[in-house]
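Enquirer:
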Amino acid sequence: MRQKIIALVDANAFFVSCEVVFNPALAGKPVVVLSGNDACVISRSPEAKAIGIKMQAMGSAVKRYIHSHGLTIFSTNPPLYRDLSRRVMQTLSHFCPSVEVYSVDEAFLDLTGFGERNLLDYGQQIRHTVKQWTGIPVSIGIAPTKTLAKIANHMAKARLSTEGVVDLTNEPRLDAVLSAVEVGDVWGIGRQTADKLQSRGIRTVLQLRQADPDWIRRKFNVITLRTLLELGGMSCLPVEKSADAQKGMMVTRCFGRPVTALAEMQEAVATHTTRLAEKLRQEGLATKMILVSMRTNRFTDIPQYEASRSVPLAAPTNSTDRLLPQALQATAALFRPGFQYYKAGVSASELIEVNQVQIGLFDDPTSAKSQRLMQAVDSIKQKLGTGSIKYAAVGLKQEWRTRLSYPSKRYTTCWEELPIAKA
DNA sequence: TCTGGGGTCCTAGGACCC
DNA sequence: TCTGGGGTCCTAGGACCC
Numbered sequence: 001m002r003q004k005i006i007a008l009v010d011a012n013a014f015f016v017s018c019e020v021v022f023n024p025a026l027a028g029k030p031v032v033v034l035s036g037n038d039a040c041v042i043s044r045s046p047e048a049k050a051i052g053i054k055m056q057a058m059g060s061a062v063k064r065y066i067h068s069h070g071l072t073i074f075s076t077n078p079p080l081y082r083d084l085s086r087r088v089m090q091t092l093s094h095f096c097p098s099v100e101v102y103s104v105d106e107a108f109l110d111l112t113g114f115g116e117r118n119l120l121d122y123g124q125q126i127r128h129t130v131k132q133w134t135g136i137p138v139s140i141g142i143a144p145t146k147t148l149a150k151i152a153n154h155m156a157k158a159r160l161s162t163e164g165v166v167d168l169t170n171e172p173r174l175d176a177v178l179s180a181v182e183v184g185d186v187w188g189i190g191r192q193t194a195d196k197l198q199s200r201g202i203r204t205v206l207q208l209r210q211a212d213p214d215w216i217r218r219k220f221n222v223i224t225l226r227t228l229l230e231l232g233g234m235s236c237l238p239v240e241k242s243a244d245a246q247k248g249m250m251v252t253r254c255f256g257r258p259v260t261a262l263a264e265m266q267e268a269v270a271t272h273t274t275r276l277a278e279k280l281r282q283e284g285l286a287t288k289m290i291l292v293s294m295r296t297n298r299f300t301d302i303p304q305y306e307a308s309r310s311v312p313l314a315a316p317t318n319s320t321d322r323l324l325p326q327a328l329q330a331t332a333a334l335f336r337p338g339f340q341y342y343k344a345g346v347s348a349s350e351l352i353e354v355n356q357v358q359i360g361l362f363d364d365p366t367s368a369k370s371q372r373l374m375q376a377v378d379s380i381k382q383k384l385g386t387g388s389i390k391y392a393a394v395g396l397k398q399e400w401r402t403r404l405s406y407p408s409k410r411y412t413t414c415w416e417e418l419p420i421a422k423a
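Per our numbering, the very first residue in the first sequence carries number 1; after that it's consecutive.
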């Protein structure tokens with residue numbers, strides 16, 4: 001069988017890079033993007049890394065670098081990142097018919113059969129085009145399996161300034177490469193498994209590759225076995241061109257301040273439910289089950305409470321007015337007074353495509369009416385903005401809302417905030 | 001090790017059945 | 001009443017990913 005060739009294209013500090021695209025003066029400067037509620041660092045420029053800012057560092061702690069090191073901070077801006085992500089993926093599809101979008105900032109390309117080309121040159125061509133068309137810098141790792149492509153990609157990132165592309169297909173010194181990677185740093189091996197492997201003397205990726213597959217399967221699990229095989233060049237994880245149907249969808253948020261009253265909790269759950277229903281409709285999906293969850297802050301010493309409840313629905317739906325009463329009822333059942341709540345969420349499981357349930361939906365005449373209402377609500381929001389129309393249940397003041405202190409603009413998704421090019 | 005939000009997959013164990 | 005063996009389905013929770 002012909003050897004597979006898989007490339008992993010991964011954006012460098014993706015969220016930061018998105019912000020820099022619209023603030024070119026920040027290129028080469030320390031920049032970070034914070035998570036929701038500005039809680040922690042989720043993306044950092046190489047310059048921010050160089051001054052000692054770690055991933056997951058607390059947002060409140062990195063503020064001091066603004067004055068001491070000229071750090072620029074942004075709150076997270078998911079719509080902007082999703083939009084630029086889409087453009088990057090579109091660009092990649094010009095170079096390869098088989099692109100698997102693995103995450104917002106990564107894609108696998110199946111380059112099997114491209115071996116006659118110079119893969120390093122092809123990788124450079126991809127990098128330059130993506131940068132030119134979208135402004136986003138990427139690194140590329142090429143190898144016979146996804147797991148090895150991940151390793152190649154990490155190497156490419158480390159050598160960023162020199163090349164940005166690493167090809168491990170036909171690498172004569174592969175053993176040396178693998179012995180330099182700690183077992184916990186490879187894709188698929190997390191902390192638990194890494195600790196267990198290390199306690200049995202397996203410290204490097206090379207040692208894992210050389211371990212007995214049967215023993216690994218018995219003492220660990222199929223995922224660890226698969227990682228072992230992939231390290232040996234056997235491709236177990238194909239590049240999936242069309243993603244399988246999505247299995248679940250959720251909306252969860254931390255509160256901007258502790259919530260103690262049921263009324264506020266219900267506003268929050270109603271808000272998340274409304275958003276969830278919108279997302280379902282956008283994707284053409286309906287759900288048969290929702291799950292409401294709430295919890296206190298695990299990282300404090302205050303009394304703890306965590307609870308969730310799943311609610312099966314009579315018929316699959318994506319109508320806000322069908323989901324809201326169920327979600328609110330579950331909230332009331334779960335809520336215990338006397339706790340300082342930190343986070344709440346609503347998720348949908350058992351998703352199905354709307355066009356597969358259409359007939360069932362129309363069995364119930366009130367459902368057709370509800371669908372028309374949702375269409376009307378969605379189109380009003382699209383024309384007049386997301387705040388233009390609301391369910392009363394979501395509340396007006398929403399003092400519990402997530403706080404974002406360093407918002408960036410909606411450059412690509414809002415006409416009023418489009419960047420202006422100066423001639 | 002540490003504070004986000006959104007996902008996937010695997011496994012153990014209980015309910016239930018023959 | 002104790003008690004066999006084997007199967008399926010479902011769910012909660014763990015582990016991992018970006």
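In this text, a Cβ means the ideal position worked out from N, Cα and C, and glycines have one as well. These numbers were taken from a predicted model, which means no experiment stands behind them.
#1: Which two residues bound the contiguous beta strand (DSSP E) that contains residue 342?
#2: Would you identify the three-state DSSP class for residue 377, choosing helix, strand or coil?
#3: For residue 244, which three-state DSSP category applies?
#4: Confirm, please, whether the CB-CB distance from residue 131 to residue 141 is below 8 Å.
#5: Per the contact definition of three or more C-beta pairs closer than 8 Å, is the stretch 89–100 in contact with the stretch 109–125?
#6: By DSSP, does residue 294 sit in helix, in strand, or in coil?
#7: Ignore the nearest five residues each way along the sequence and tell me which others in residue 349's own chain have a CB closer than 6 Å to its CB.
#8: Identify whether residue 239 lies in helix, strand or coil by the three-state DSSP scheme.
#9: I'd like the ranges of any alpha helix (DSSP H) spanning at least 4 consecutive residues and lying wholly in the stretch 118–168.
#10: Leaving out five residues before and five after residue 227 in sequence, what residues of the same chain have Cβ atoms less than 8 Å from its Cβ?
#11: Does the contact criterion of 3 or more C-beta pairs under 8 Å hold for the stretch 275–295 versus the stretch 329–336?
#12: Would you check if the distance between the CB atom of residue 258 and the CB atom of residue 286 is smaller than 8 Å?
#13: Determine, using beta carbons only, whether residue 164 and residue 7 come nearer to each other than 8 Å.
#14: CB-CB under 8 Å to residue 66, same chain, minus the five flanking residues each way: which ones, in chain order?
#15: As a quick exercise: from 262, 157, 91 and 114, pick the residue whose alpha carbon is nearest that of residue 128.
#16: Measure the C-alpha to C-alpha separation of residue 25 and residue 325 and round it to an integer number of angstroms.
#17: Suppose you measure from the CA of residue 272 to the CA of residue 37; what does that come to, to the nearest Å?
#18: Within the continuous beta strand (DSSP E) that includes residue 65, where are the two ends?
#19: What does a CB cutoff of less than 6 Å around residue 304 pick up in its chain, not counting 5 residues either side in sequence?
#20: Start and end of the alpha helix (DSSP H) containing residue 81?
#21: Using the beta-carbon count (16 or more within 10 Å), is residue 199 buried or exposed?
#22: Could you pull the DSSP bridge partners for residue 105 from this structure?
#23: Where does the unbroken alpha helix (DSSP H) through residue 263 begin, and where does it stop?
#24: Following the continuous beta strand (DSSP E) through residue 314, name the residue where it begins and the one where it ends.
#25: Classify residue 116 as helix, strand or coil using the three-state DSSP reduction.
#26: Which term fits residue 154, buried or exposed, when burial requires 16 or more other beta carbons within 10 angstroms of its beta carbon?
#27: Identify, in the order they occur along the chain, each residue of the same chain with its Cβ nearer than 8 Å to the Cβ of residue 402, setting aside the five sequence neighbours on each side.
Expert: With the structure as the only source:
#1: 341–353
#2: helix
#3: Coil.
#4: no
#5: With a cut-off of 8 Å, the stretch 89–100 and the stretch 109–125 count as touching, because enough Cβ pairs lie within range.
#6: In the structure shown, residue 294 adopts extended strand secondary structure according to DSSP, grouped into three states.
#7: Cβ within range, chain order: 248 and 289.
#8: coil
#9: 119–134 and 146–158
#10: 147, 186, 187, 188, 189 and 208
#11: yes
#12: No.
#13: In this structure, residue 7 does not lie closer than 8 Å to residue 164 by Cβ.
#14: 72 and 73
#15: 91
#16: Residue 25 and residue 325 have their alpha carbons spaced roughly 49 Å apart.
#17: 16 Å
#18: No beta strand (DSSP E) contains residue 65, which is instead part of the alpha helix (DSSP H) from 65–69.
#19: By the criterion of a C-beta distance shorter than 6 Å, residue 304 is surrounded in its chain by 296, once the five residues flanking it on both sides are discounted.
#20: 78–92
#21: exposed
#22: For residue 105, which the question treats as bridged, DSSP gives no partner whatsoever.
#23: 262–283
#24: 306–317
#25: coil
#26: buried
#27: 36, 37, 253, 254, 255 and 256
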